[in-house]
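End of the sequence shown sits at 1105 in the working numbering; the numbers just go up one at a time, nothing left out.
No residue lacks a Cβ here, since even glycine has one placed at the ideal position from N, Cα and C.
Contents: one structure, followed by commentary.
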Amino acid sequence: MNELSAFENFKANVDKAAKILNIPESDYSRLKYCERELLVSVPVEMDDGTIKVFEGCRVQHSSLRGPCKGGIRYHQEVNLDETRALAGWMTFKCALANLPYGGAKGGIAVNPSELSERELEKLTRRYTLRILPFIGPNKDVPAPDVGTDPHIMDWVMDTYSSMKGYTIPGVVTGKDIEIGGSLGRNEATGRGVTTIVKEFLKINNISPADTTVVVQGLGNVGSISAKYIHELNCKIVAVSDVSGGIYNPDGLDIPSIFEHVKKRNLLSTYDKGEFKRITNEELLLTPCDILIPAALQNQITKSIAEKIQTKIIVEAANGPTTSNADEVLAKKHIPVIPDILVNAGGVIASYCEWVQNMQAMRWTVKQVNEVVQSHLIESLNLLIKTSQDYKISFREAAYVVALDRLVKAYRLRGIFP
């Protein structure tokens, strides 16, 4: 059986949730389509004087519950199918977290590490001009994603504001603090992963000291998750990045590793302490209590799931588990806390930033962290209750909660004209 594409995988999850809730297809079919899709060409004058054209897109999945919300991704494998799926996941993520947003996603097929700072700025500003009719603080609010950062969001905000004639900080979130960014936003997704792990252990009366953890991916989310999960007193026995992984059954020196990767160094150049070097596939198969995939999509395939040796999976990345792998994990009774809950800390903090921008206010980091924590804990408890009530998986429960809210919004709004 072939693996489903990313968007087919998303639609399959929506169909499952609708079947559980006994919702007629006419009440949710629009959620299996994206509202708008914009394909763009982005010409850039390179440093050597040549013109290179990059391909990009912006997809708005749903605006049922409010402005569309979703990141801008710079990665050589960006494509329309994946972007549709990511936009759909954002719709359901925002509904599950009970935020007044719909879902969107955008990106450019480019390896940003191959561009100079000047080329990256030109690319970003030209892309912003291309999608400018699509976005706005009450329409579609982008944010950082894979390959983008606060400075890139600064350029997006400046370009949009320059075209409108006045400063509009609320057009994007994830900006630098000095121009309207929010305290706590940069660490929010990783802290959110930690909140989910901590709360789940607490609910199940499991001591963090007795818990072994494996983290795949040491980007912003993975490294910050590892840092704070280590501070919970969990034992992190393996971590990895694009260059491979390291393993020590007695636990790794996470503070040292965090400082190493924070300087943009690859794990392959890390040489402190005792450990065994392993591949990313070996890392996914490492025996542990909690496996946290925090890299890219489709890392846990059916073949990996058949050999996996973890007790629970906490999805920090977007779509790291394929639908075929989900079926295998269910048969093995390995629970999966899904991505649309686990990594929602980032979009909740983005919501905090957007509210501050719209109201010209400044919140403390404590206020932001409290809002993120309360939304995540409330959503986790509702997810667990829904799972128990319907006797379904956590992923199915997440989609059930989100779909129920979306369908209610659809029924109340109706169709115009």
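Neighbourhood of residue i by C-beta, 7 Å cutoff - its chain only, sequence neighbours within 5 removed
| i | result |
| --- | --- |
| F698 | A773, G776 and W777 |
| P1026 | E1003, F1082, R1083 and A1086 |
| E962 | N936 |
| E733 | I739 and K810 |
| V1016 | K990, A993 and E994 |
Member of the options whose CA lies at the smallest distance from the CA of residue i
| i | options | result |
| --- | --- | --- |
| S1081 | R818, A1018 and L1029 | A1018 |
| A914 | L817, N893, I942 and G933 | I942 |
| G794 | P1008, L871 and C722 | C722 |
| A1013 | I865, G1033, I1025 and N986 | N986 |
| L719 | A700, N710, G737 and S729 | A700 |
| I884 | E1041, H1063 and P788 | H1063 |
| S636 | I739, L787 and R818 | In the structure displayed, the chain extends from 689 to 1105; residue 636 sits before or after that span and is not available. |
| V829 | I856, L803 and I711 | I856 |
| F888 | A1048, G853, R873 and I1065 | I1065 |
| K1020 | I992, H749, P1008 and E1058 | I992 |
| L787 | Y1039, K960 and I945 | Y1039 |
| I917 | D1077, I980 and H749 | I980 |
| K757 | V732, K810, K827 and S693 | K827 |
| G872 | K1054, P1008 and D1077 | K1054 |
| E1058 | G880, A1048 and Q1076 | G880 |
| N921 | Q748, K951 and T882 | T882 |
For residue j and residue i, the rounded distance between their alpha carbons
| i | j | result |
| --- | --- | --- |
| Q1044 | I966 | 44 Å |
| V1035 | G939 | 31 Å |
| T1010 | Q1061 | 28 Å |
| S717 | I760 | 26 Å |
| A1005 | K995 | 20 Å |
| A1097 | L1091 | 10 Å |
| P665 | P1023 | Because the chain in this structure spans residues 689 to 1105, residue 665 falls outside the shown range and cannot be described. |
| G932 | S956 | 7 Å |
| L727 | N1031 | 27 Å |
| K781 | T738 | 41 Å |
| I708 | D898 | 36 Å |
| E919 | G1007 | 27 Å |
| F946 | F1104 | 52 Å |
| N892 | K704 | 27 Å |
| L820 | V702 | 30 Å |
| L808 | Q1076 | 48 Å |
| S804 | R724 | 32 Å |
| A1048 | N710 | 44 Å |
| P712 | K1079 | 21 Å |
| P800 | M851 | 25 Å |
| E866 | Y854 | 17 Å |
| I840 | V925 | 34 Å |
C-beta atoms of residue i and residue j nearer than 8 Å
| i | j | result |
| --- | --- | --- |
| I1000 | A1086 | no |
| I978 | V949 | no |
| K886 | V901 | no |
| R813 | D735 | no |
| Y789 | P825 | no |
| N953 | Q904 | no |
| R1099 | D715 | yes |
| W1051 | S895 | no |
| L971 | L752 | no |
| G878 | V909 | yes |
| T816 | V844 | yes |
| D769 | S849 | no |
| Q748 | F822 | yes |
| T771 | S750 | no |
| A706 | R746 | no |
Own chain partners of residue i with C-beta closer than 8 Å, once the 5 adjacent residues on each side are dropped
| i | result |
| --- | --- |
| Q997 | L973, T974, P975 and C976 |
| G907 | V834, D929, A982 and A983 |
| V1089 | A783, L784, S1067, L1070, L1071 and T1074 |
| I797 | One point to set straight first is that residue 797 is Ala, not Ile, in the sequence displayed. Once the five neighbours on either side are set aside, the close Cβ partners of A797 are F742, E743, G744, H763, Q764, E765, V766 and N767. |
Other residues of its chain near residue i: CB distance less than 6 Å, five sequence neighbours each side excluded
| i | result |
| --- | --- |
| K964 | Y935 |
| D864 | P838 and D842 |
| A876 | G1033, G1034, A1037 and V1060 |
| G858 | P825, W1042, N1045 and M1046 |
| I912 | E875 and G878 |
| T989 | T1010 and A1013 |
| K960 | S944 |
| T836 | I760 and Y762 |
| G868 | P857 and N1045 |
Tell me the start and end of each unbroken beta strand (DSSP E) in the segment 717–766 that is at least 3 residues and wholly inside, in chain order.
724–733, 739–750 and 756–762
Length at least 4, wholly inside the segment 815–882: the alpha helix (DSSP H) runs in chain order:
838–852
Start-end ranges of the alpha helix (DSSP H) lying completely within the segment 966–1013, minimum 4 residues
968–972 and 990–995
Fully enclosed by the segment 904–949, which alpha helix (DSSP H) runs are 4 residues long or longer?
908–919
Alpha helix (DSSP H) segments (min. 4 residues) lying fully within the segment 1025–1054
Scanning the segment 1025–1054 for uninterrupted alpha helix (DSSP H) segments of 4 residues or longer gives 1027–1030 and 1033–1047, listed from N- to C-terminal end.
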